[in-house]
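To start, the structure itself, in structure tokens.
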Amino acid sequence: MPVIAIASPKGGAGKSTTAVILATELAHAGAQVTLLDCDPNQSVSLWAGRAPLPPRLACISNVSESEIVRTIRKHDGDGKIVIVDLEGVASRLVSRAISQADLVLTPMRATTLDATIGVRALELVAEEEEALGRPIRHAVVFTMTRAIRSKQHSAIEASLGGQGVDVIEPPLMERAAFSALFEFGGDLRSIPAQGRMDGAIENAQAFAQQVFARLTEASR
Ligand SMILES: Nc1ncnc2c1ncn2[C@@H]1O[C@H](COP(=O)(O)OP(=O)(O)OP(=O)(O)O)[C@@H](O)[C@H]1O
Ligand SMILES: [Mg+2]
0 MPVIAIASPK
10 GGAGKSTTAV
20 ILATELAHAG
30 AQVTLLDCDP
40 NQSVSLWAGR
50 APLPPRLACI
60 SNVSESEIVR
70 TIRKHDGDGK
80 IVIVDLEGVA
90 SRLVSRAISQ
100 ADLVLTPMRA
110 TTLDATIGVR
120 ALELVAEEEE
130 ALGRPIRHAV
140 VFTMTRAIRS
150 KQHSAIEASL
160 GGQGVDVIEP
170 PLMERAAFSA
180 LFEFGGDLRS
190 IPAQGRMDGA
200 IENAQAFAQQ
210 VFARLTEASR
């Protein structure tokens, strides 16, 4: 069953936030989800320690380079979804996680600098595709997007689209509720209200559905 690796060498791109939103929304929708924390900074493990985990969600901390492939395979059972949160670097651990993935998601802020560095994640995917001799589905998700899209955002989106990169719509908007997940633990339905929670839940749900749709389609 599906393995989703969240990868970008750009620090602070929104990887751990994307991993937690995706894991909690897919679990809420009924999937059994295992979240693997492969980042020595342990953002996801800190989140998991703050509140009881939502139903159907398990979190495994401290997954190292030597254990990553085995751990993914162990949890990649029938009907389960494995989500791998990675450090903001290009490393052997990241490449190994990518090699096991059915979908690689690259969160990216829509600024020129972030996009330039973020695109290197797509190069890592291309290297693994070459090594394995098969395509690995990948997609970019814009993160921390403002309600009014900047010209820079539209230009970066058009440029990625022109290169045949799959860009997930909707992006993850910049929302207090998304950063508050790490303050309180749990999911968007359990944390104290931060602004308009319906909007945050709607955004998270629509994003998770789009990711799920890509898992069920044939890989490109
Ligand atoms: N959509 C969002 N809305 C509001 N804040 C966000 C959003 N996405 C990320 N953030 C905030 O931006 C910061 C960086 O996000 P996050 O930790 O998810 O990035 P990361 O790519 O995992 O970073 P690292 O490379 O250090 O692992 C955090 O403070 C997080 O709360
Ligand atoms: Mg992180």
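Residue numbers (numbering that gives the first Met the number 0): 0 to 219.
Even for Gly, the Cβ is constructed at its ideal location relative to N, Cα and C.
Note that the structure is a prediction, hence the values are computed from the model and not measured.
**OP:** Within its chain, find whatever has a CB closer than 7 Å to the CB of Trp46; leave out the 5 residues flanking it on each side and keep chain order.
**Re:** Same-chain partners within the cutoff: Val19, Leu180, Phe181 and Gly184.
Subject >> Test item: CB-CB of Ile233 and Val83 under 8 Å >> reply: Nothing about residue 233 can be read from this structure; the chain reaches only from 0 to 219.
Original post:
Between the Cα of Ala57 and the Cα atoms of Thr33, Ile67 and Asn40, which residue gives the shortest distance?
Top reply: When each option's Cα is compared against that of Ala57, the closest is Thr33.
Subject >> As assigned by DSSP and simplified to three states, the class of Ala199 >> reply: Secondary structure of Ala199 (DSSP, three-state): helix.
Subject >> Outcome for Thr16 when other beta-carbon atoms lying within 10 angstroms are tallied against a minimum of 16 >> reply: Thr16 is buried by the Cβ-count criterion.
Subject >> Helix, strand or coil at Ala28 according to DSSP, with G and I counted as helix >> reply: Correct three-state label for Ala28: coil.
Original post:
Helix, strand or coil for Arg136 per DSSP?
Top reply: Reduced to three states, the DSSP call for Arg136 is strand.
Subject >> Same chain, Cβ closer than 6 Å to Ala199, five either side skipped, listed in chain order >> reply: Within the same chain, Cβ atoms closer than 6 Å to the Cβ of Ala199 are found at Arg174, Ala176 and Leu187, the five residues on either side in sequence being excluded.
Original post:
DSSP on Asp113, reduced to helix/strand/coil?
Top reply: Correct three-state label for Asp113: helix.
Subject >> Same chain, Cβ closer than 8 Å to Glu64, five either side skipped, listed in chain order >> reply: Excluding residues up to 5 positions away in sequence, Ser90, Arg91, Leu92 and Arg95 lie with their Cβ nearer than 8 Å to the Cβ of Glu64 in the same chain.
Subject >> Rounded separation between Ser7 and Ile59 - CA only >> reply: When rounded, the distance between both Cα atoms is 20 Å.
Original post:
Within 10 angstroms of its Cβ, does Ile156 collect 16 or more other Cβ (buried), or is it exposed?
Top reply: It is Glu, not Ile, that sits at residue 156 in the sequence shown. Under this definition Glu156 is a buried residue.
Original post:
From which residue to which residue does the beta strand (DSSP E) around Leu56 run?
Top reply: It spans Leu56 to Ile59 - the beta strand (DSSP E) in which Leu56 sits, taken as one unbroken run.
Subject >> DSSP state of Gly10 mapped onto helix, strand, coil >> reply: Gly10: coil per DSSP, three-state reduction.
**OP:** Measure the C-alpha to C-alpha separation of Leu159 and Leu102 and round it to an integer number of angstroms.
**Re:** The alpha-carbon atoms of Leu159 and Leu102 are separated by roughly 17 Å.
Original post:
Apart from the five residues on each side of it in sequence, which residues of its chain come closer than 7 Å, Cβ to Cβ, to Ile97?
Top reply: Closer than 7 Å at the Cβ level, and outside the excluded window around Ile97, lie Ala4, Ala6, Val103, Leu123, Val124, Glu127 and Ile135.
**OP:** Buried or exposed for Gly29, please, with buried defined as at least 16 other CB atoms from any protein chain shown within 10 angstroms of its CB.
**Re:** It counts as exposed.
Original post:
Which same chain residues, not among the five before or five after Pro169, have their C-beta less than 8 Å away from its C-beta?
Top reply: Around Pro169: Asn202, Ala205, Phe206 and Gln209.
**OP:** For Lys150, verify whether its CB is less than 7 Å away from any heavy atom of ligand 2.
**Re:** No - ligand 2 has no heavy atom lying nearer than 7 Å to the Cβ of Lys150.
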